[in-house]
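Here my numbering is used: the first residue of the sequence shown is 965, the next is one more, and so on.
Using N, Cα and C, we set each Cβ at its ideal position, and we do this for glycine too.
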Amino acid sequence: MKLLQRLSVLLCLCLASPLWAADQLISVPTDREKVDTSYWWMPRDGATATLLLISGGGGGMGFKNGRPGSDNFLIRTRDLFAARGFNVALLGLSSDMRMLSQHARTTEEHARDVLAVVKALRAASPQPVWLVGTSRGTISAVSAAILDQGQSVAGVVLTSGYAPDVLKLRDGPAGTQGVEAIRVPTLVYHHKDDGCRETPPAGVTGMVAALVAAPIKKLQMVEGGGSPYGDPCQPRGWHGYVGMEERAVEDITSWIRNPQP
């Protein structure tokens, strides 16, 4: 009888195991000698698409105790995205850098690294791959989408993004990004009270207007949330959709399922 009870307990524990039990860090070779990049892989049964989430700041996922620990909007909400029926991948840093600068994110070298991860994701799952960037991560998403030209990337979501006419590269040459070259459905998602000096809400209207080659594009300006604190460019301000994470993820995933102008 005791043996049956123990087996019953073990079965219950197995059934109660979190979905992320199979989540893992995957290494991907780049086209640079002895340089790899990586992603945190969260496959889900029945997924309708794969979302490559690209964090802002210095990039990466802030590994803590063997798991992503960054407070970045996309990293901390990864389970919410996965729970809505998507494979989720978190973009890591390449092995030749400790962080991503603004300038590095605009380079073709970085865009090729992102697309190397996209290629690996397409090999791991037949579902279409979307790039979802936030803050400085939108620079990476735009760079990769421009280089890809709709060959491997199904769509792009830019949250709290850098408008092309306000992108000033403080750690590299001044420049802009040619979003007019993006050829896939694109959602621009922004909080109307975003107080970050680098991502003013007024700038994204021009970004959407510049998406002339995107077959479907939409600007979704939102409000709400609660209790922002800290630097307005950091994750717990309006810039990071504090207090409205569930709603933001639902808005984004609903649009990915059915892109509409």
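Whole-angstrom C-beta distance between residue j and residue i, which should lie under 8 Å
i: valine 1143; j: serine 1058; result: Rounded, the Cβ-Cβ distance is 24 Å, inconsistent with contact.
i: lysine 1011; j: serine 1089; result: Looking at the sequence itself, residue 1011 is alanine, so the reference to lysine does not match. With a Cβ gap of about 7 Å, alanine 1011 and serine 1089 count as contacting.
i: phenylalanine 1037; j: threonine 1098; result: 5 Å
i: glycine 1201; j: glycine 1167; result: Between glycine 1167 and glycine 1201 the Cβ distance is about 17 Å, and since that is not below 8 Å, they are no contact.
i: glycine 1026; j: proline 1032; result: 6 Å
Distance CB(residue i)-CB(residue j) smaller than 9 Å
i: aspartate 995; j: arginine 1076; result: yes
i: leucine 1064; j: arginine 1100; result: yes
i: glycine 1114; j: valine 1093; result: no
i: glycine 1119; j: isoleucine 1018; result: no
i: isoleucine 1146; j: alanine 1177; result: yes
i: leucine 1079; j: alanine 1108; result: yes
i: arginine 960; j: glutamate 1214; result: No information on residue 960 is available, as it lies outside the stretch 965 to 1225 that the chain covers here.
i: glutamine 1198; j: valine 1152; result: no
Cutoff 9 Å: residue i Cβ touching any chain D Cβ
i: glycine 1167; result: No chain D appears in the structure shown, which is made up of a single protein chain.
Residue i (DSSP reduced to helix, strand or coil)
i: alanine 1075; result: helix
i: serine 1099; result: coil
i: methionine 1061; result: coil
i: arginine 1048; result: coil
i: aspartate 1215; result: helix
i: serine 1002; result: strand
i: valine 1106; result: helix
i: glycine 1204; result: helix
i: alanine 1053; result: strand
i: arginine 1008; result: coil
i: arginine 1031; result: strand
i: lysine 1132; result: Any reading at lysine 1132 needs caution, since the residue's pLDDT is 48, under 50, leaving its predicted position unreliable; the model's value is listed next. Three-state result, lysine 1132: coil.
i: alanine 1013; result: coil
i: alanine 1127; result: coil
i: glutamine 988; result: strand
Backbone CA spacing between residue i and residue j [nearest angstrom]
i: glycine 1189; j: leucine 1111; result: 35 Å
i: phenylalanine 1082; j: leucine 1016; result: First, the residue type needs correcting, since residue 1082 is valine and not phenylalanine in the sequence shown. Straight-line Cα distance between these residues: approximately 8 Å.
i: histidine 1074; j: serine 1104; result: 8 Å
i: glycine 1180; j: proline 1223; result: Before going on, a small fix: residue 1180 reads as isoleucine here, not glycine. About 7 Å.
i: leucine 1175; j: glutamate 1072; result: 20 Å
i: arginine 1134; j: alanine 1013; result: With a pLDDT of 44 at arginine 1134, under the threshold of 50, the modelled position of that residue is not reliable, and the figure given next carries that caveat. Arginine 1134 and alanine 1013: Cα-Cα distance of roughly 35 Å.
i: leucine 1044; j: tyrosine 1003; result: 18 Å
i: arginine 1008; j: valine 1096; result: 18 Å
i: leucine 1192; j: glycine 1170; result: In the sequence on display, residue 1192 carries proline and not leucine. Cα to Cα, the separation comes out at about 27 Å.
i: valine 1172; j: alanine 1084; result: 30 Å
i: asparagine 1029; j: leucine 1055; result: 18 Å
i: serine 1124; j: histidine 1154; result: 5 Å
i: glycine 1021; j: arginine 1086; result: 26 Å
i: arginine 1196; j: histidine 1203; result: Residue 1196 is actually proline in this sequence, not arginine. Proline 1196 and histidine 1203: Cα-Cα distance of roughly 6 Å.
i: lysine 1182; j: lysine 1156; result: 15 Å
i: glutamate 1162; j: valine 1121; result: 18 Å
i: glutamine 1141; j: glutamine 1066; result: 12 Å
i: tyrosine 1205; j: methionine 1061; result: 28 Å
i: leucine 989; j: tryptophan 1005; result: 6 Å
i: serine 1218; j: proline 1165; result: 22 Å
i: valine 1186; j: proline 1225; result: 16 Å
i: glycine 1194; j: serine 1034; result: 16 Å
i: threonine 1150; j: valine 1106; result: 10 Å
Please give the ranges of any alpha helix (DSSP H) in the region 1134 to 1189, keeping only runs that are unbroken, at least 4 residues long and fully inside the region.
The region 1134 to 1189 contains these whole alpha helix (DSSP H) runs: 1165 to 1174.
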